[in-house]
Amino acid sequence: MSYKEHKDKILGFIEEHEKWRSSTINLIASENITSPSVNRAVVSGFMHKYAEGWPKQRYYQGCKYIDEVELIGIELFCTLFKSDFADLRPISGTNANQAAFFGLTQPGDTIIALHTSHGGHISYMPFGSAGMHALKTEFWPFDFDEFNIDVDKAAQLIREKKPKLVLFGGSLFPFPHPVKELSEVAKEVGAYVMYDAAHVLGLIAGGQFQDPLREGADIITSSTHKTFPGPQGGVILYKNFGEDVAKLQWAIFPGVLSNHHLHHMAGKAVTAAEMLEYGKEYAAQIVKNAKALAEAMAEEGFKVIGEDKGYTKSHQVIVDVSDLHEAAGGWAAPLLEQAGIILNKNLLPWDPLEKVNTPSGLRIGVQEMTRVGMMEDDMKEIAHFFKRVLIDREDPKKVEKDVFEFRRQFQKVYYSFDYGLPMKE
Ligand SMILES: *Cc1c(COP(=O)(O)O)cnc(C)c1O
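Structure below.
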């Protein structure tokens, strides 16, 4: 094959991917799609620049327009999240966490975070960013019934371990964390309170879920592409917590990056404007849809986590499929993919780690389907597709036809300046 043929193949696969994705029901809880305006910002000449440092104080020339955009972006993020500072430079959520660890802790310090088996992120772990900075991670005691951090035991742990930083948030995240209750205890021992909003930033933007900075957090780190519907990237939002602010800023640049990705920075800024305009409606509909999907799944006969707490307060619906097949999520997720329903299998907090390839759970996120205009009634249709594949064991290829047919009606990216709000029938 010639090099040109390779090039054509690559571009061809990208086109196939885009066509296919827009035909499927994508329920991966950590993904989303961007609006045409955000796409315009990302595929732009901003990707060809270096702009190390702060706006108007760059180490490189040629940044006059970049500076204007970054200043607007910082202002929009500060307004949206009511934070004193916003830093759009981190290039991913992990990169943001890394910078926060570098800026706020010293090697050898103790932090407390959620264990990966309870839904925590790898960056908190000894083998992840925290461990790479020689932090010692203690883990939040987890209450299986509440599907949340055990507040009393956690308060005890904070007083006993006197950590330098406590970290809330996670990747399996249906219910708000007890930030308010535990921030007070953390302050008693002089610990920073950090909140990893990677999954729920779009909900926080729209006034749903929880408001970490008002509940006692000093700093929010986040990805910008999960419920917050921006391009892949990271952001740090924080209060003016004194002299360590300079250390944090130094940790971001030159600590964990040199140049930030300026086209993604511009895309994040446009997304912040979208969320200031449409975020309330967007976040409220996500939570309504998640609840509607959870209820419909339960009605179809699935075991949905959190029934006594209304199933979910976020974009996530967590389903235990261990009684349907011995390989559980390891069986269900690929089968659903054949039917055009895309999600990931997930360990549930009580699963032993050996079950990583056959975990009990499926993690479902409704943010992307909400963004293309789906409402509560559409969630019932989706629940029924699940039943046809996993309970009725219909041929997934047959279901896929109906999934594609159904999905065809939803081809616009709403809650954006390009398409506005979806119309309710
Ligand atoms: C996704 C995620 C991150 C970071 O993800 P990136 O892929 O690095 O953007 C951090 N924390 C949590 C809880 C996450 O779910």
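If you're matching positions, the sequence shown starts at 1 in the working numbering and goes up one per residue. Just so it is clear, CB atoms sit at the ideal spot from N, CA and C, and this is done for glycine as well. The model shown is predicted, which means the values in this text are computed figures rather than measured ones.
- Rounded to whole angstroms, the gap between the alpha carbons of residue 183 and residue 175 is 17 Å.
- In the three-state scheme derived from DSSP, where H, G and I count as helix and E and B as strand, residue 156 is classed as helix.
- Contact annotation: the stretch 268-286 does not touch the stretch 127-145, with fewer than three C-beta pairs closer than 8 Å.
- When DSSP reads this structure, residue 113 sits in a beta bridge with 139.
- In the structure shown, the three-state DSSP call for residue 350 is coil.
- Ranked by Cα distance from residue 117, the first of 353, 415 and 204 is 353.
- Here the stretch 330-346 makes contact with the stretch 360-373; the two share three or more CB pairs at distances below 8 Å.
- Taking a C-beta distance under 8 Å as the contact criterion, residue 311 and residue 294 qualify as a contact pair.
- Here the distance from the Cβ of residue 217 to the nearest heavy atom of ligand 1 is not below 7 Å.
- Pairing residue 107 with residue 313, the inter-Cα distance amounts to about 36 Å.
- Look at residue 58 here: in three-state DSSP terms it is strand.
- Per DSSP, reduced to three states, the secondary structure at residue 34 is coil, with no helix or strand assignment.
- When beta bridges are read from the DSSP output, residue 362 appears opposite 319 and 345.
- Counting only residues of its own chain and dropping the five nearest sequence neighbours on each side, residue 77 has a CB closer than 6 Å to the CB of 86 and 272.
- Cβ-Cβ distances below 6 Å link residue 232 to 225 in the same chain, with the five nearest sequence neighbours on each side left out; the list follows chain order.
- Here residue 410 is not near residue 381, since their CB atoms are 8 Å or more apart.
- A Cβ-Cβ separation of about 12 Å leaves residue 124 out of contact with residue 105 under the 8 Å criterion.
- Comparing C-alpha distances from residue 292 to each of 61, 228, 246 and 366 shows the shortest one belongs to 366.
- Residue 122 has its alpha-carbon roughly 34 Å from the corresponding atom of residue 412.
- Taking a 10 Å sphere around the C-beta of residue 207, we find fewer than 16 other C-beta atoms and assign the residue as exposed.
- Annotation: residue 197 to residue 185 spans about 21 Å, alpha carbon to alpha carbon.
- At least one heavy atom of ligand 1 falls within 7 Å of the beta-carbon of residue 196.
- Positions of the beta strand (DSSP E) runs, each at least 3 residues long and wholly inside the stretch 201-270, are given as 219-223 and 234-238 in order along the chain.
- The three-state secondary structure of residue 192, taken from DSSP, is strand.
- For residue 93, the distance from the CB to the nearest heavy atom of ligand 1 is below 7 Å.
- Nearest C-alpha to residue 281 among 371, 37 and 28: 371.
- Residue nearest to residue 234 within the set 221, 246, 242 and 227 is 221 (criterion: CA-CA distance).
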